[in-house]
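So for the sequence shown, the UniProt record's numbering puts the first residue at 1; every next one is plus one. Each residue gets a CB set at the ideal place from its N, CA and C atoms; glycine is no exception.
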Amino acid sequence: MEGEIPDPLGHGERAVRFVEKLRHTEGPLAGQPFTLHPWQARIVRKVFGDVHPETGLRKVRTVFMLLPRGSGKTTLTSALALLGMMGPERDAAGQVISAAADREQASIAYNGAARMIRADPHLTAATRIVDSRKLISHPKSESTYRAISHEAYSKHGLSVSMLLADEVHAWPTRELWEVLVSSMGKRLCPLSVVTTTAGHGRGDLAWELYEYALKVERDEVEDETFLPVLYQAPHDCDWQDEAVWQAVNPALAAGFRSLDEMRMTAKRAAEIPSQREMFKRLYLNIWSDSAAVTWVDMAVYDQGDSRPVELSDLAGKPVYVGVDLASVSDLAAVYAVAADGEGGWLVWGRQYCPAEQYRRRVADNQPYAEFEASGRLVVTEGNSIDQDQILRDLVDLCGELSVQEIAVDRWGALNFLQRLQEHQLPVAQFGQGFASMSAPCKEIERAILGRQFYAGQDPVLRWNLTNIRVEQDAAGNIKFSKAKAMGKIDGAAAVAMAIGRALASQTGPMIYQVPGARPEGLLFV
């Protein structure tokens, strides 16, 4: 937001002048001219003023604006819609589209634009408004502006000149985006403007756009057609620091965001974890790892999981292995763990997915292709878990490491357990109830909080951890809940079983399990 913005043809200043001829239509500023605040004016000047000197065409074709709630992004979007429909940036027979997850959300920007028109008799005379169809037309240029929602099946045949995509983190699929963006190929210089708060989860359209925006901002990707505008706080910030609020909420300095309201919301958030996640996401634009409050803070997890872990790092140490076969047609997991001697855990493993299920997950935009590329997801042939492959890998693992035990869920894997025993592997059955799972689940939590959980940046296991939801009994015991999980947690369950057996080996067997160790008489424990 610093430095001079090139505007060789004056198109940036021309766009600013058009917007500032409009009027506010709601709130305390209703009736007043729409005076752009400096940060807003810079965005408009950059988008429309930075042109190719030879052709005069805009360099920027996509704008990604990550703005906190209450930043006035919808009002700015309404003004941009009119600029693209009837202003100096209009295209002949242009099609300006406001798109959102649902028609009501898409209509917010439309309603703002319609009110701006009705507040000016000259604009009213130059346009036709059909509220029942959420449609505004400009007969002189034969351009239109309309609001649509995500039912993309009815949107083919468009030729969009300007797309205003609102809150893409809430879009249920990417189909609407693909339909609208692909329709822009018929235009000489189309423009897509994405305005959103931070989302939750990874692998969807919003995350991909956000991740690309970060790469452009950091100069990891050179793309002058993509403009990132990112107002966000770092994951490890002090979210209660008002200086952080000021830095990432330009509306505070502009005067149309209430600091008192933020203070009241933050006070509640300090006591209620779910409110805290909401505050960090909507007010500070800190991207959440999942749709609900995660079991552990993944920013803390990432800080600890910063060192590489290879299979060779476990050599020479007592190793415990957990195996979660889960369902027969999705993921299975094999993870080996070893204590690092300093209170931490070294974790290495793989997960397995049948090829047919893998293709479905990729088609559903799940990050399975990324997982496979990392080497931590093995894609096997067929449509069911390849237990032969897992068995071979376990045999190899026992040949390379000092494997003390292989923990396997006692339910649903009797045949596999028998096969492991036939290969004379050190098998241990492991239950999934509170009694078995509470200690290892709490140990994983302790290690993560202490930055002592080292998994070599395994992306599949990290994803598993973001999906975890826990159940708790009356005694305070916890366990991972597959029924409540937001996605697959097989790797995390395998790690818990392995650590559970490792913890059991540290405490040793109960006294009644050791022949001759029990004293005479009654034993109270």
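Would you verify that the beta carbon of residue i is, or is not, closer than 8 angstroms to some beta carbon of chain C?
{"i": "Phe453", "result": "No chain C is part of this structure, which consists of one protein chain only."}
Considering residue i, what are the terminal residues of the alpha helix (DSSP H) in which it resides?
{"i": "Glu356", "result": "Ala355 to Ala363"}
{"i": "Ile444", "result": "Phe434 to Leu449"}
{"i": "Val160", "result": "No alpha helix (DSSP H) holds Val160; DSSP gives it neither H nor E."}
{"i": "Phe64", "result": "Premise fails: Phe64 lies in the beta strand (DSSP E), Thr62 to Leu66, not in any alpha helix (DSSP H)."}
{"i": "Gly322", "result": "Run containing Gly322: none in the alpha helix (DSSP H); it sits in the beta strand (DSSP E), Pro318 to Asp324."}
{"i": "Val181", "result": "Glu175 to Ser182"}
{"i": "Leu123", "result": "Pro121 to Ala126"}
Just the Cα atoms here: how many angstroms apart are residue i and residue j?
{"i": "Glu271", "j": "Ala243", "result": "21 angstroms"}
{"i": "Gly375", "j": "Ile489", "result": "18 angstroms"}
{"i": "Leu420", "j": "Ala413", "result": "11 angstroms"}
{"i": "Tyr454", "j": "His169", "result": "31 angstroms"}
{"i": "Gly316", "j": "Asp302", "result": "27 angstroms"}
{"i": "Leu9", "j": "Asp50", "result": "9 angstroms"}
{"i": "Trp177", "j": "Tyr358", "result": "24 angstroms"}
{"i": "Arg281", "j": "Pro228", "result": "18 angstroms"}
{"i": "Val334", "j": "Gly27", "result": "58 angstroms"}
{"i": "residue 529", "j": "Leu465", "result": "The structure shown has nothing for residue 529, since the chain only spans 1 to 525."}
{"i": "Pro440", "j": "Arg446", "result": "10 angstroms"}
{"i": "Ala428", "j": "Ile406", "result": "6 angstroms"}
{"i": "Ala30", "j": "Gly70", "result": "16 angstroms"}
{"i": "Ser137", "j": "Ala125", "result": "11 angstroms"}
{"i": "Gly450", "j": "Cys398", "result": "30 angstroms"}
{"i": "Gly431", "j": "Leu346", "result": "23 angstroms"}
{"i": "Arg202", "j": "Ile385", "result": "25 angstroms"}
{"i": "Ile5", "j": "Val309", "result": "46 angstroms"}
{"i": "Ala355", "j": "Leu325", "result": "16 angstroms"}
{"i": "Gly255", "j": "Asp241", "result": "19 angstroms"}
{"i": "Asp236", "j": "Ala299", "result": "7 angstroms"}
{"i": "His200", "j": "Met486", "result": "12 angstroms"}
{"i": "Arg42", "j": "Met437", "result": "55 angstroms"}
{"i": "Met262", "j": "Glu208", "result": "29 angstroms"}
{"i": "Ala363", "j": "Pro459", "result": "19 angstroms"}
Report buried or exposed for residue i, applying the criterion of at least 16 other Cβ atoms within 10 angstroms of its Cβ.
{"i": "Gln513", "result": "Note that Gln513 has pLDDT 44, beneath the 50 cutoff, so the model's placement of it is unreliable and the number below is only indicative. Classification of Gln513: exposed, given that the 10 Å Cβ count is below 16."}
{"i": "Gln424", "result": "exposed"}
{"i": "Ala92", "result": "exposed"}
{"i": "Met497", "result": "buried"}
{"i": "Arg257", "result": "buried"}
{"i": "Val130", "result": "exposed"}
{"i": "Gln418", "result": "exposed"}
{"i": "Arg462", "result": "buried"}
{"i": "Lys484", "result": "exposed"}
{"i": "Ala291", "result": "Residue placement at Ala291 is flagged as unreliable, the pLDDT there being 48, under the threshold of 50; the coordinate-derived value follows with that caveat. Exposed."}
{"i": "Arg17", "result": "exposed"}
{"i": "Arg350", "result": "buried"}
{"i": "Glu54", "result": "exposed"}
{"i": "Met264", "result": "exposed"}
{"i": "Asn249", "result": "buried"}
{"i": "His52", "result": "exposed"}
{"i": "Lys46", "result": "buried"}
Taking 8 angstroms as the threshold (C-beta atoms), are residue j and residue i in contact?
{"i": "Ser44", "j": "Val19", "result": "Here the sequence assigns Val to residue 44, which means Ser is not the residue at that position. Yes, they are a contact pair."}
{"i": "Thr74", "j": "Gly112", "result": "yes"}
{"i": "Leu82", "j": "Leu22", "result": "yes"}
{"i": "Leu180", "j": "Ile108", "result": "no"}
{"i": "Asn285", "j": "Gln232", "result": "yes"}
{"i": "Leu36", "j": "Thr195", "result": "no"}
{"i": "Gly84", "j": "Ser182", "result": "no"}
{"i": "Ala502", "j": "Ile468", "result": "no"}
{"i": "Ser141", "j": "Met116", "result": "no"}
{"i": "Arg103", "j": "Ala147", "result": "yes"}
{"i": "Leu314", "j": "Ala338", "result": "yes"}
{"i": "Leu391", "j": "Cys353", "result": "no"}
{"i": "Arg58", "j": "Leu191", "result": "yes"}
{"i": "Arg361", "j": "Thr225", "result": "no"}
Where do the N-terminal and C-terminal ends of the beta strand (DSSP E) with residue i fall, by residue?
{"i": "Gly192", "result": "Checking the sequence, you will find Ser at residue 192 rather than Gly. Per DSSP, Ser192 belongs to the beta strand (DSSP E) from Leu191 to Thr196."}
{"i": "Gln472", "result": "Val470 to Gln472"}
{"i": "Arg146", "result": "Ser143 to Ile148"}
{"i": "Ala339", "result": "Ala332 to Ala339"}
{"i": "Val300", "result": "Note, Val300: premise wrong, no beta strand (DSSP E); alpha helix (DSSP H) at Met298 to Gly304."}
{"i": "Leu135", "result": "Leu135 to His138"}
Given the structure, does residue i come close to the ligand SAM, in the sense that its CB is under 7 angstroms from one of the ligand's heavy atoms?
{"i": "Glu372", "result": "Annotation note on the ligand SAM: not contained in the displayed structure, which lists no ligands."}
Margin query: Going residue by residue through the segment 208 to 289, where are the continuous alpha helix (DSSP H) segments of at least 4 residues, counting only ones entirely within it?
Written below: 242 to 248, 250 to 254, 259 to 269 and 273 to 282
Next item on the list: May I have a chain-ordered list of the alpha helix (DSSP H) segments no shorter than 4 residues that lie completely inside the segment 345 to 428?
Entry: 355 to 363, 368 to 373, 387 to 400 and 414 to 422
Next item on the list: Note down, one range per segment and in chain order, each beta strand (DSSP E) of at least 3 residues found wholly within the segment 13 to 82.
Entry: 62 to 66
Next item on the list: Would you mind listing the beta strand (DSSP E) stretches within the segment 453 to 502 that are 3+ residues and don't spill past its ends, in chain order?
Entry: 470 to 472 and 478 to 480
Check: Going along the chain, which unbroken runs of the beta strand (DSSP E) with 3 or more residues stay wholly within the segment 81 to 112?
Finding: 95 to 99
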